[in-house]
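Below is one structure, written out as structure tokens, with a few remarks after it.
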Amino acid sequence: MINVSDLGIKFKMGKRRRSRAFTFLFERSHNRQRPTGEFWALRHVSFTVERGETVGIIGRNGSGKSTLLRVIAGIYPPDEGTVSVGGEVSTLFSLGTGFNAELSGRDNIYLNGIMIGIAKNQIDGISDAIIEFAELGDFIDMPVRTYSSGMRSRLGFAIAMHSDKDIVLIDEIMGAGDAVFRQKADAEMRRIIGERTVLIVSHDMNTIKEFANKVIWLNRGVMVAMGEPKEVVEQYLAASKVKKPPPDLD
Amino acid sequence: MIEQLRRVWQRRELLWYMVKLQMKAEKKNKVLGFAWSFLDPLLLLLVYMVLVHYIFGRGGPQFPVLLFISLLSWRWFTSSLSRSVTSVTSKVGLIQSVRFPLAILPLSGIIIGFFDWLFGFVILVPMLFIFEASLTVNILWLPVLLLIQFVGTVGACLLVAVVGTYLSDLGNIIQFLIRLGFYLSPILYSVEGTVPERLTMLYMLGNPFAGMMESYKNVVILGAPPNEYALWGAAVAVIAFLVGLWYFSRDEYKLVKAI
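Note that the protein sequences, when read in sequence, are chains F and D.
Count the first sequence with our numbering and you get residues 1134 to 1383, in order.
Count the second sequence with our numbering and you get residues 5 to 263, in order.
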């Protein structure tokens, strides 16, 4: 269903890419020390995901986990290698993105639905279920900027779950909800596991071990290991043990 | 490039919804809300009427309506441009969450600008009777002029959306150019009687907007056919459209990584 082969994603260093003419005119003198060159966010990454699998992606901050999800969502085209995705992808929700903060939660449900190609009358049918699941109450008609981070991630998770697409991408939005929501979310995850293909990025190893049937460990853009959740998670935890304990504060 | 147009057309429902939501977000949280769609152009007109009519003592009896039609059209162009500069950078969250044709972002700004034009035109219609504009068959040219302006604006905005993503200074530059363009275009004045006759051709060719502005006034207020330099405006519009579309299509994917 998802076939990633020798994938490489490259970013240019520096804040923004400049045109050559601009660099020539303005940046010769005062920005000489600016680091130039390329930075590979992902390189030589290969794996396949079958229909109905749940894949956990783990690794330290900046190891390329979110970039990998964006590639599968079709947002970044590969600079090297090939990626083929056989199915429709839901919106990729990560903390704090994917919403228009000025609009109400309800409008954002419609916006996100239309973005991923659900017809408007179909959204009418699922919006009530999303609102109920996200437990937003009257807040649903308030601008999203007034939401707490837990409310945002609840809404994002609810939309992702109800969007009825073949492939669901979840980027660390399980963690922000409270205990009650967490149980609901876990139940929902169990419901869709096996039914849909799920890629989930998380720092919570229990989530990964419980839901994933396969784990990918990324480090600095390179795949360190892939395989049984228990084994890979243990390797990862062993490798990330802090060598020196933090100094006493008193 | 044709592929780009096809992709945007396929997602027209999304484009339409973004326009609606954006208009809603702009009007919400304001006491007068929707009324601002009419108040904005009216107040703008008032400012320039005070300036030209009373302070400089210029402008003929039909000056308010002549000014209004060109002011509306100029505002459509400039508001589209200013919106386009940040149209990509302001939607980082959306762009990094789901794949869609990015051209929808500058396009939605242009369509919102056109609605503002329409709201302004609604106010203009009664004024046309008060100021005794001559309504002739030439009014049928109006949609043609609007189409030319739309095509040119799309080109300019696609270009600006790409460059504005790489270079945030563009916003300041554009604001300056808009101000300059306003005084260099026949909005507060007419070409005839202001621009020296021997310089007319240079003026009309140098500013493709000049022919368009004169044509708007001709067909809506004066009941005359469009100015012949509108053809030049149309040519520039088509060139801008092709260049903008080519540049945007080439850089669309690089943009995603640049933000």
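We treat Cβ as the ideally placed atom computed from N, Cα and C, and that holds for glycine.
Between the segment 90-110 of chain D and the segment 195-204 of chain D there are fewer than three C-beta pairs closer than 8 Å, too few to call the two in contact. Under the three-state reduction of DSSP output, Ser1179 (chain F) falls in the strand class. With a threshold of 16 other beta carbon atoms within 10 Å, Ser1179 (chain F) falls short and is exposed.
In the structure shown, Asp1274 (chain F) adopts helical secondary structure according to DSSP, grouped into three states.
A distance below 7 Å separates the beta carbons of Val89 (chain D) and Val164 (chain D). In this structure, the alpha-carbon of Thr1200 (chain F) lies about 36 Å from that of Thr82 (chain D).
Using beta-carbon distances, Gly1207 (chain F) counts as an interface residue toward chain D, with a partner under 7 Å. If you compare the alpha carbons of D:Leu85, D:Tyr220 and D:Tyr207 with that of Gly248 (chain D), the shortest gap goes to D:Leu85. For Thr1224 (chain F), the nearest CB of chain D lies under 7 Å from its own CB, placing it at the interface with that chain. For Glu1265 (chain F), the enclosing alpha helix (DSSP H) covers residues Lys1253 to Ala1267.
Per the coordinates, the alpha-carbon of Ile1333 (chain F) lies some 49 Å from the alpha-carbon of Trp78 (chain D). Residues are counted here when their Cβ sits less than 9 Å from a Cβ of chain F; for the segment 90-102 of chain D these are Lys95, Val96, Gly97, Leu98, Ile99, Gln100, Ser101 and Val102, given in chain order. The secondary-structure analysis by DSSP pairs Leu1332 (chain F) across a beta bridge with F:Val1188 and F:Leu1302.
Between Ile1142 (chain F) and Asp1212 (chain F), the C-beta spacing is below 7 Å. Residues of chain D whose Cβ lies closer than 8 Å to the Cβ of Glu1235 (chain F) are, in chain order, Ala29 and Lys32. Gly1192 (chain F) places its beta carbon 7 Å or farther from that of Gly1354 (chain F). Using a Cβ-Cβ cut-off of 7 Å, Gly1220 (chain F) does not count as an interface residue toward chain D, since no Cβ of chain D sits closer than that to its own.
The three-state reading of DSSP puts Lys34 (chain D) in coil, since its state is none of H, G, I, E or B. Against chain D, the beta carbon of Ile1249 (chain F) has neighbours under 7 Å at Val102, listed in chain order.
Among the residues of chain D, those whose CB is under 7 Å from the CB of Arg1203 (chain F) are Gln100, following chain order. The beta carbons of Thr1330 (chain F) and Arg1203 (chain F) sit no closer together than 7 Å. The beta carbons of Ala244 (chain D) and Gly156 (chain D) sit closer together than 7 Å. Taking 7 Å as the cut-off, the Cβ atoms of Gly227 (chain D) and Ser138 (chain D) count as close. Against Lys261 (chain D), the close residues of chain F are Phe1144 and Tyr1209, in the order they occur along the chain (beta-carbon pairs closer than 7 Å). The Cβ atoms of Ile1247 (chain F) and Leu18 (chain D) sit closer than 7 Å to each other. Put simply, the CB of Tyr21 (chain D) is near chain F, with a gap under 7 Å to one of its CB atoms.
Inter-segment contact for the segment 176-191 of chain D and the segment 90-98 of chain D is absent: fewer than three beta-carbon pairs are separated by less than 8 Å. In the structure shown, Phe1226 (chain F) falls within a strand segment according to DSSP collapsed to helix, strand and coil.
Here DSSP, grouped into helix, strand and coil, assigns Ala137 (chain D) to coil. Residues Lys1253, Ile1256 and Ser1260 of the same chain have their beta carbon placed closer than 8 Å to that of Tyr1243 (chain F), with the five preceding and five following residues left out of the count. In terms of Cβ geometry, Gly215 (chain D) and Met205 (chain D) do not form a close pair [threshold 7 Å]. Taking 7 Å as the cut-off, the Cβ atoms of Leu1140 (chain F) and Val1216 (chain F) count as close.
Under the Cβ distance rule, Asp1240 (chain F) counts among the residues neighbouring chain D, one pair being separated by less than 7 Å. Residue-level contact check: Tyr257 (chain D) touches chain F, since one or more beta carbons of chain F fall below 7 Å from its beta carbon. With contacts defined as CB atoms closer than 7 Å, Val1218 (chain F) and Ile1205 (chain F) qualify as a contacting pair. Burial is judged here by how many other beta carbons sit within 10 angstroms of a residue's own beta carbon; Ile59 (chain D) has fewer than 16 and is exposed.
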